[in-house]
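Student:
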């Protein structure tokens, strides 16, 4: 994790007492594509409840905390600056490349040309017949909520085409609830 | 034992995980991500608290399994990596026991759990203690009756698979799941540390 990049300034440290990796004071942890893919598969196959929604909501809540706290701490007010920071965060956490193509308070279009989750799923199991990037959907929802000063669950995000299904990039449509 | 935990933690806690131009982090034969611990805890806790008592064992098994596979494949990537060979390799006298002790030092260095092996019966049983681990953060106040360290359970069993389960199998068809792990104590449950007992599975 870089401590500083073009659009984000993150303080990364290892606490030798607790042996935790902290970024801006919050515990972060390294995991692999097997773990992310298996959590996603669990969400996909979960007959007990709507696991896909659950995973997306947890991601939305987690990253909303990151973005809203970061924007507040650094006084980032403009929507373009907020989007640039979130795009950079996506990259430096190893999630891939995320590009917001358009964004307004009521809608948005997002592209993911490189995806940790999709590449990991393909590496593990091959292609799939439907999109699986529920973590990405949650991330995008959190980005829009934080960018437009809305609370979580203000947007619905749909993955319309997907790398895991064979498309060259994944695309997402965002609509205000 | 020649394993110097302090030196390993000191060296490997500094390993950087810089993303490629594609925003991916290829390392140790896997793609790595670095997310807030709250993400993993959030999914595990909301899932296990919502499914109901009859389905709880199934949900817990699937969460442990995710970590078990992760620990098996990433663990193998770690113990065959250049970083491992440079830092831990020279300390290894007994295989696989020293490898196991070294693996838990790396487990600690990477922020998964401040943990160590406190008892090891080669090929049969291992007891691990964790004095600080992110999965305990799911309880911010008071204590819970439900242990929550699914990741440590899975990875601990995976490390025993790698040590005593036969040759590494990238397909996961053999070698994986020769051991299983039970959590017998937890910080989230009010204990001073988490304790994890790994034994051979009945079928192994």
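Chains as they are written, first to last, in our numbering: chain Z, 119 to 295; chain P, -5 to 198. C-beta atoms are modelled at their ideal positions from N, C-alpha and C, and glycine is treated no differently. Just so we're clear, the structure is a prediction, and the values are computed from it rather than from any experiment.
Starting from residue 208(Z), find everything on chain P with Cβ-Cβ shorter than 9 Å and list it in chain order.
Tutor: In the first chain, residue 208(Z) corresponds to position 90, counting from 1. 17, listed in chain order.
Student: Helix, strand or coil for residue 145(P) per DSSP?
Tutor: For this step, residue 145(P) is matched to residue 151 along the second chain. In the structure shown, residue 145(P) sits in a helix (DSSP, three-state: H, G or I).
Student: Using three-state DSSP, classify residue 42(P) as helix, strand or coil.
Tutor: Stepping through the second chain from its first residue, residue 42(P) is reached at position 48. DSSP places residue 42(P) in helix when its eight states are reduced to three.
Student: The segment 62 to 76 of chain P: which residues have C-beta closer than 7 Å to a C-beta of chain Z, in chain order?
Tutor: Listed by position, the residues of the segment 62 to 76 of chain P near chain Z (Cβ gap below 7 Å) are 63, 64, 67 and 68.
Student: Evaluate residue 188(P) with the Cβ neighbour count: other Cβ atoms within 10 Å of its Cβ, from every protein chain shown; 16 or more gives buried, anything less gives exposed.
Tutor: In the second chain, counting from the first residue as 1, residue 188(P) sits at position 194. Counting Cβ neighbours within 10 Å, residue 188(P) comes out buried, since at least 16 surround it.
Student: Evaluate contact between the segment 267 to 278 of chain Z and the segment 16 to 30 of chain P, counting only Cβ atoms and requiring at least three cross-stretch pairs below 8 Å.
Tutor: Flag = no, the segment 267 to 278 of chain Z and the segment 16 to 30 of chain P do not touch.
Student: Go through its chain and collect everything with a Cβ distance to residue 137(Z)'s Cβ below 6 Å, but skip five positions before and after it.
Tutor: For the purposes of this step, residue 137(Z) is identified with residue 19 of the first chain, where counting begins at 1. Nothing listed; no residue qualifies.
Student: In chain order, what residues of the same chain lie with their CB nearer than 7 Å to the CB of residue 232(Z), ignoring the 5 residues before and after it?
Tutor: Residue mapping note: residue 232(Z) aligns to position 114 of the first chain, counting from 1. If we look at residue 232(Z) and ignore the five residues flanking it on each side, its Cβ neighbours are 214 and 215.
Student: Any beta carbon of chain P sitting closer than 8 Å to that of residue 179(Z)?
Tutor: Along the first chain, one-based indexing puts residue 179(Z) at 61. Yes, because at least one Cβ of chain P sits closer than 8 Å to the Cβ of residue 179(Z).
Student: Please name the residues in the segment 33 to 52 of chain P whose beta-carbon is closer than 8 Å to at least one beta-carbon of chain Z, in chain order.
Tutor: If the cut-off is 8 Å between Cβ atoms, the segment 33 to 52 of chain P has 33, 34, 36, 37, 40, 41, 44, 45, 46, 49 and 52 near chain Z.
Student: May I have the straight-line CA-CA distance separating residue 191(P) from residue 179(P), to the nearest angstrom?
Tutor: Along the second chain, read from residue 1 onward, the residue named residue 191(P) stands at position 197. Along the second chain, read from residue 1 onward, the residue named residue 179(P) stands at position 185. Taking the straight line joining both Cα atoms gives about 10 Å.
Student: In chain order, which alpha helix (DSSP H) runs of at least 4 residues are fully inside the segment 64 to 125 of chain P?
Tutor: As far as the segment 64 to 125 of chain P is concerned, its whole alpha helix (DSSP H) runs of at least 4 residues are 76 to 81 and 91 to 103.
Student: With a threshold of 8 Å, are at least 3 pairs of Cβ atoms found where one atom belongs to the segment 174 to 188 of chain Z and the other to the segment 256 to 265 of chain Z?
Tutor: Short answer: they touch.
Student: Mapping the DSSP letters down to three states, classify residue 182(P) as helix, strand or coil.
Tutor: Looking up residue 182(P) in the second chain gives position 188. It is helical.
Student: In or out: residue 149(P) buried (at least 16 other Cβ within 10 Å) or exposed?
Tutor: As a position in the second chain, residue 149(P) is number 155, starting the count at 1. With 16 or more Cβ atoms within 10 Å of its Cβ, residue 149(P) is classed as buried.
Student: Mapping DSSP to helix, strand and coil, what is residue 59(P)?
Tutor: As a working note, residue 59(P) is residue 65 in the second chain. Note: residue 59(P) maps to helix in three-state DSSP.
Student: Between residue 125(Z) and chain P, is any beta-carbon pair separated by less than 8 Å?
Tutor: Along the first chain, one-based indexing puts residue 125(Z) at 7. By this cut-off, residue 125(Z) is not an interface position.
Student: From the DSSP output, in three-state form, read off residue 294(Z) for me.
Tutor: In the first chain, counting from the first residue as 1, residue 294(Z) sits at position 176. Strand at residue 294(Z).
Student: Given that residue 60(P) touches chain Z, what residues does it touch there, using C-beta distances under 7 Å?
Tutor: Residue numbering aside, residue 60(P) sits at position 66 when the second chain is read from its first letter. Within 7 Å Cβ-Cβ: 153, 156, 157 and 160.
Student: Per DSSP, which residues does residue 54(P) bridge with? Please list them.
Tutor: Position 60 of the second chain, counted from the start, is the residue given in the question as residue 54(P). DSSP, once it has assigned bridges, lists no residue as partnering residue 54(P).
Student: Using Cβ-Cβ distances below 9 Å, what residues of the segment 199 to 225 of chain Z are close to chain P?
Tutor: Under the 9 Å Cβ criterion, the segment 199 to 225 of chain Z contributes 208, 209, 210, 211, 212, 213, 214, 215 and 216.
Student: Is it the case that the Cβ atoms of residue 169(P) and residue 186(P) are separated by a distance below 8 Å?
Tutor: Counting from 1 along the second chain, the entry for residue 169(P) is found at position 175. Counting from 1 along the second chain, the entry for residue 186(P) is found at position 192. No, these two residues do not count as a Cβ contact at 8 Å.
Student: Since residue 257(Z) sits in a beta bridge, which residues does DSSP pair it with?
Tutor: Position 139 of the first chain, counted from the start, is the residue given in the question as residue 257(Z). Looking at the DSSP assignment, residue 257(Z) forms no beta bridge with any residue, so it has no partner.
Student: Looking at chain Z, is there any beta carbon in it that lies within less than 8 Å of the beta carbon of residue 106(P)?
Tutor: Indexing the second chain from 1 puts residue 106(P) at position 112. Yes - at least one Cβ of chain Z is within 8 Å of the one on residue 106(P).
Student: Let's test the definition: count the other Cβ atoms within 10 Å of the Cβ of residue 43(P) and tell me whether it reaches 16, buried, or not, exposed.
Tutor: Translated into the one-based positions of the second chain, residue 43(P) becomes position 49. With fewer than 16 other Cβ atoms within 10 Å, it is exposed.
Student: Scan the segment 199 to 246 of chain Z and note each continuous alpha helix (DSSP H) run of 4 residues or more that stays entirely inside, going in chain order.
Tutor: Complete alpha helix (DSSP H) runs here, min 4: 234 to 243.
Student: Look at residue 28(P) and residue 211(Z) and say whether their C-beta atoms are less than 8 Å apart.
Tutor: As a first step, residue 28(P) is located in the second chain; it is residue number 34 there, counting from the start. As a first step, residue 211(Z) is located in the first chain; it is residue number 93 there, counting from the start. Cβ atoms of residue 28(P) and residue 211(Z): closer than 8 Å.
Student: Answer yes or no: do residue 157(P) and residue 174(P) have a C-beta to C-beta separation smaller than 8 Å?
Tutor: As a first step, residue 157(P) is located in the second chain; it is residue number 163 there, counting from the start. As a first step, residue 174(P) is located in the second chain; it is residue number 180 there, counting from the start. Not in contact: residue 157(P) and residue 174(P) (Cβ atoms no closer than 8 Å).
Student: Is it buried or exposed for residue 32(P), if we count other Cβ within 10 angstroms and need 16 for buried?
Tutor: The count along the second chain starts at 1 and reaches residue 32(P) at position 38. That one is buried.
Student: Does the distance from the CB of residue 153(P) to the CB of residue 57(P) come in under 8 Å?
Tutor: The residue labelled residue 153(P) in the question sits at position 159 within the second chain. The residue labelled residue 57(P) in the question sits at position 63 within the second chain. No, they are not a contact pair.
Student: Using a Cβ cut-off of 7 Å, pull out every chain Z residue sitting near residue 56(P), in sequence order please.
Tutor: Taking the first residue of the second chain as 1, we reach residue 56(P) at position 62. What residue 56(P) touches in chain Z: 160.
Student: Quick check: the segment 156 to 171 of chain Z against the segment 117 to 136 of chain P, are at least 3 beta-carbon pairs closer than 8 Å?
Tutor: The segment 117 to 136 of chain P vs the segment 156 to 171 of chain Z: no contact.
Student: Report yes or no: is there a C-beta of chain P within less than 8 Å of the C-beta of residue 137(Z)?
Tutor: Residue mapping note: residue 137(Z) aligns to position 19 of the first chain, counting from 1. Judged by the 8 Å Cβ criterion, residue 137(Z) is in contact with chain P.
Student: Between the Cα of residue 298(Z) and the Cα atoms of 220(Z), 184(Z) and 289(Z), which residue gives the shortest distance?
Tutor: With chain Z covering 119 to 295 only, the question about residue 298(Z) has no answer from this structure.
Student: Are the beta-carbon atoms belonging to residue 149(Z) and residue 183(P) less than 8 Å from one another?
Tutor: Here residue 149(Z) is taken as the residue at index 31 of the first chain, counted from 1. Here residue 183(P) is taken as the residue at index 189 of the second chain, counted from 1. No; because the gap between Cβ atoms is not below 8 Å, this pair is not in contact.
Student: On the criterion of 16 or more Cβ atoms from any shown chain inside 10 Å, does residue 106(P) qualify as buried, or is it exposed?
Tutor: Walking along the second chain from the start, residue 106(P) turns up at place 112. So residue 106(P) ends up on the buried side.
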